[in-house]
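Residue numbers (the working numbering): 19 to 269. Beta carbons: idealized from backbone N, C-alpha and C, even for Gly. Worksheet: one structure, shown below.
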């Protein structure tokens, strides 16, 4: 891996690169490097404005690396001030990481979707929900319900979105919820590779006061900073308040 840097201005900070190998299907991470540019031979506080630095890395793949599609995620840690730094794209928009890839290790492993309930739903024009699996149609009182969502990006995604899973009672009241970035943050949407199916698991928690009744599970995506929900389209499911009414279950 070769990275080309250019100092826009001088800095007094000591900045380290953090490079992770990330499985684009399940979010599993493999730390590859945490070090100064040029392995400490040219730390950032010595860089001169306008100077171009070529930084080479030889990354050894883990011995237990599974077959699949991977990305190299590159982040910058300001060690002096103990803060993460952002990149900027060509339009000047902030990015919390840079990405190299995708990289293929062996034959790609398709997601196991044989028992998936197919859906045709699109969030924000770029994130498709292909389907879901619900472990069972009903649960005993107090028992969580495993839910798996199958996503696929149709084009590169710039932002990191949060998934919400809401449980509504028969009157439409919110009685339980789980909000989380996909795969508990291990594979944010800005790392999704177009065309690769992402398997995203959740545990739907029953209401605190659980009556023997039917409940509706609905899902959606929103921007973490503003809470604004993504627009969505679906041909075979009801939509309300930018949420997809996914399934009904009993507790």
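As computed with DSSP, residue 221 is found in a beta bridge with 164. Inter-segment contact for the region 61 to 68 and the region 101 to 110 is absent: fewer than three beta-carbon pairs are separated by less than 8 Å. Contact between the region 187 to 202 and the region 244 to 256 is absent: fewer than 3 CB-CB pairs across the two stretches fall below 8 Å. Here the C-alpha atom of residue 223 lies approximately 39 Å from the C-alpha atom of residue 107. Under the 10 Å beta carbon count, residue 43 is surrounded by 16 or more other beta carbons and is classified as buried. A residue is called buried once 16 or more other Cβ atoms fall within 10 Å of its Cβ, and residue 91 is buried on that count. For residue 169 and residue 215, the gap between their C-alpha atoms comes out near 6 Å.
Nearest to residue 84 by C-alpha distance, out of 46, 38, 186, is 46.
Between residue 36 and residue 93, the C-beta gap is smaller than 8 Å, which places the two residues in contact. Residue burial is scored here from C-beta neighbours: residue 86 has at least 16 other C-beta atoms within 10 angstroms and is therefore classed as buried.
Runs of the alpha helix (DSSP H) lying entirely within the region 20 to 70 and spanning at least 4 residues: none are present.
Between residue 33 and residue 97, the CB-CB gap stays under 8 Å. For residue 212, the number of other beta carbons within 10 angstroms of its own is below 16, and it is reported as exposed. Linking residue 210 to residue 217 through their CA atoms gives a straight-line distance of about 11 Å. In the structure shown, the three-state DSSP call for residue 238 is strand.
Per DSSP, residue 91 is one residue of the beta strand (DSSP E) stretching across 86 to 96. Relative to residue 30, the option among 21, 99, 59, 58 whose CA is nearest is 99.
In this structure residue 261 is buried. Its beta-carbon is surrounded by 16 or more other beta-carbon atoms within 10 angstroms. With the rule of 3 Cβ pairs closer than 8 Å, the region 65 to 75 does not count as touching the region 111 to 124. Residue 257 and residue 161 have their alpha carbons spaced roughly 27 Å apart. Residue burial annotation: residue 164 is exposed, with fewer than 16 other C-beta atoms found within 10 angstroms of its C-beta.
For residue 103, the pairing in a beta bridge is given by DSSP as 94. Going by beta carbons, residue 88 and residue 120 fall inside the 8 Å limit.
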